[in-house]
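The sequence shown begins at 0 in numbering that gives the first Met the number 0 and counts up one residue at a time.
The structure appears right after this line, and notes come after that.
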Amino acid sequence: MIANKYKILVIEDEDNINNLLKALLETYGYQVITAKNCQNGHTLFTSHRPDLVILDLGLPDRDGMTFLKQIRQDSLTPVIVVSARSEDMDKVDALDIGANDYVTKPFSSAELVARVRSTLRNSRHSSEEGRFPGGKFKSSGLLIDYDARQIFIDNAEINLTQTEYNIVALLSEYSGKVMTYAAIIKAIWGYNDVYSTKKLQVNMANIRKKIWCKARTKELYRQ
Ligand code: CA
0 MIANKYKILV IEDEDNINNL LKALLETYGY QVITAKNCQN GHTLFTSHRP DLVILDLGLP
60 DRDGMTFLKQ IRQDSLTPVI VVSARSEDMD KVDALDIGAN DYVTKPFSSA ELVARVRSTL
120 RNSRHSSEEG RFPGGKFKSS GLLIDYDARQ IFIDNAEINL TQTEYNIVAL LSEYSGKVMT
180 YAAIIKAIWG YNDVYSTKKL QVNMANIRKK IWCKARTKEL YRQ
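Spelled out as structure tokens, the structure:
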């Protein structure tokens with residue numbers, strides 16, 4: 000079997016579910032590493048830089064929410080919470096802290112794999128590793144080189160910060176479609192807090208200053 004490029008960290012203390020998830024995801028070609036508590040999970044997260052984390056909440060040493068809070072301080076790596084807790088408030092809390100999705104146990108294999116796939120797809124743009132799809136985007140005088148993470152207007156490179164670049168690349172992917180602030184914030188930062196909208200507005204203002212006048216970026220940004 001040809002392994003796909005994605006590495007998934009499973010943090011789950013129940014042996015049977017841990018084994019099931021590993022076997023299931025490996026069947027689909029994912030590389031899987033597993034931990035059975037928060038501390039080991041955190042060590043593996045730091046050393047392996049997984050593309051996605053599947054996180055149980057009821058773990059022996061600490062609550063999975065603690066792990067999520069901890070990694071969200073400086074990481075946008077997508078996290079799917081898999082938990083027996085089916086209360087709405089638990090889901091809301093996990094999503095608020097920055098979980099990308101929430102699956103309630105018991106779950107079907109097909110559902111879990113579908114969630115993994117869609118979460119990886121949706122988070123491509125928010126990865127701090129810059130794993131953007133290859134190729135280029137062209138519109139009028141605007142050229143985005145996704146591999147080089149460079150943006151050119153009429154062949155002149157525009158200097159953008161990492162975040163500004165991520166926003167423009169995201170908007171280019173959804174060119175012509177309406178994107179809400181909330182969707183952009185979630186894709187770029189992975190979480191939404193009281194400062195998010197302001198943060199996005201400041202970044203958008205800077206992007207406009209740098210390129211708006213020179214290119215028809217309106218085509219990319221229809222609010
Ligand atoms: Ca558990």
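Beta carbons are placed, not taken as given, at the ideal position from N, Cα and C, and that holds for glycine.
The structure presented is a predicted model; accordingly, all values stated were derived computationally and were not measured.
Close-in-space but distant-in-sequence residues of the same chain around residue i (CB under 8 Å, 5 per side omitted)
i: A181; result: N191
i: M64; result: L56, D92, A93, I96
Proximity below 9 Å, CB of residue i to CB of residue j
i: L199; j: I210; result: no
i: Y5; j: D55; result: no
i: I79; j: T118; result: yes
i: V81; j: L24; result: no
i: C37; j: I16; result: no
i: A22; j: N121; result: no
i: L8; j: I53; result: yes
i: D14; j: K35; result: yes
i: I150; j: I157; result: yes
i: S85; j: G189; result: no
i: I152; j: L159; result: no
Of the residues the options, the one placed nearest residue i, counting alpha carbons only
i: N68; options: A93, D89, V201, K35; result: Here residue 68 turns out to be Lys, not Asn, going by the sequence shown. Of A93, D89, V201, K35, the residue nearest in Cα terms is A93.
i: D60; options: D12, Y29, Q30, Y27; result: D12
i: G134; options: G140, Y173, D146; result: D146
i: A168; options: M178, R148, T179, N154; result: R148
Pairwise C-alpha distance: residue j and residue i
i: E163; j: L170; result: 11 Å
i: N39; j: A113; result: 27 Å
i: Q222; j: D144; result: Note that Q222 scores a pLDDT of 41, beneath 50, so its modelled location is shaky and nothing firm can be said.
i: F297; j: H41; result: For the chain, the structure presents residues 0 to 222; residue 297 sits outside this window and is missing.
i: G28; j: L111; result: 14 Å
i: K197; j: I206; result: 14 Å
i: F66; j: T76; result: 12 Å
i: Q161; j: T179; result: 21 Å
i: K302; j: Y194; result: Nothing can be reported for residue 302, as the shown portion of the chain is limited to 0 through 222.
i: A155; j: T26; result: 46 Å
i: D87; j: A98; result: 14 Å
i: Q30; j: Q72; result: 25 Å
Whole-angstrom C-beta distance between residue j and residue i, which should lie under 8 Å
i: H47; j: I32; result: 6 Å
i: S139; j: S174; result: So it is not a contact: roughly 11 Å between Cβ atoms.
Close Cβ partners of residue i (< 6 Å) along its chain, the five nearest in sequence each way excluded
i: A83; result: K104
i: K176; result: none
i: S108; result: L23
i: L58; result: D12, N36, C37
i: F136; result: I143, S171
Contacts around residue i, its chain only, beta-carbon distance under 7 Å, and the 5 residues preceding and following it disregarded
i: N90; result: It is Lys, not Asn, that sits at residue 90 in the sequence shown. Counting only Cβ-Cβ distances below 7 Å, and skipping sequence neighbours, we find Y101.
i: L43; result: L8, I32, A34
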